[in-house]
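Right, one structure below, let's go through it.
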């Protein structure tokens, strides 16, 4: 979390962007590759039904997208599809649509 905090709390825009890029390349992308491998061809992280794991992963991925880099998931087709599938679930969609966009 330290790189995320640094990228969030750094006041200088260029320094914050650099912190995010370092975190993205050194920590986030390796983690996302593991998530894609875990997801495989499944619809959800732990099989064919969603779980708390899916909620946590989607929340993290979409917050990173909102706060730091709206295009970082372009490198991860399965995770992008996973987020879209999860966010379109009928009982999840109202939460997603009503969620406040935020920049920390």
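Residue numbers (this note's numbering): 142 to 245.
The beta-carbon is built from N, C-alpha and C at its ideal position, and this holds for glycine as well.
Note that this is a predicted model, so its numbers are computed, not measured.
By a C-beta neighbour count over all protein chains shown, 10 Å radius and 16 as the cutoff for buried, is residue i buried or exposed?
| i | result |
| --- | --- |
| residue 216 | exposed |
| residue 161 | buried |
| residue 214 | buried |
Using three-state DSSP, classify residue i as helix, strand or coil.
| i | result |
| --- | --- |
| residue 223 | helix |
| residue 231 | coil |
| residue 168 | helix |
| residue 210 | coil |
| residue 151 | coil |
| residue 201 | helix |
From what residue to what residue does the alpha helix (DSSP H) around residue i run?
| i | result |
| --- | --- |
| residue 235 | 234-239 |
I'd like the list of long-range same chain contacts for residue i, defined as Cβ closer than 6 Å, with 5 residues on each side in sequence excluded.
| i | result |
| --- | --- |
| residue 155 | none |
Pull the bridge partners of residue i from the DSSP assignment, please.
| i | result |
| --- | --- |
| residue 185 | 188 |
Residues in the same chain with beta-carbon distance under 8 Å from residue i, minus the five sequence neighbours each way, listed in chain order, please.
| i | result |
| --- | --- |
| residue 183 | 189 |
Near residue i, what residues of its chain come up, given a Cβ to Cβ distance below 7 Å and the 5 sequence neighbours on each side ignored?
| i | result |
| --- | --- |
| residue 173 | 217, 220 |
| residue 145 | 164 |
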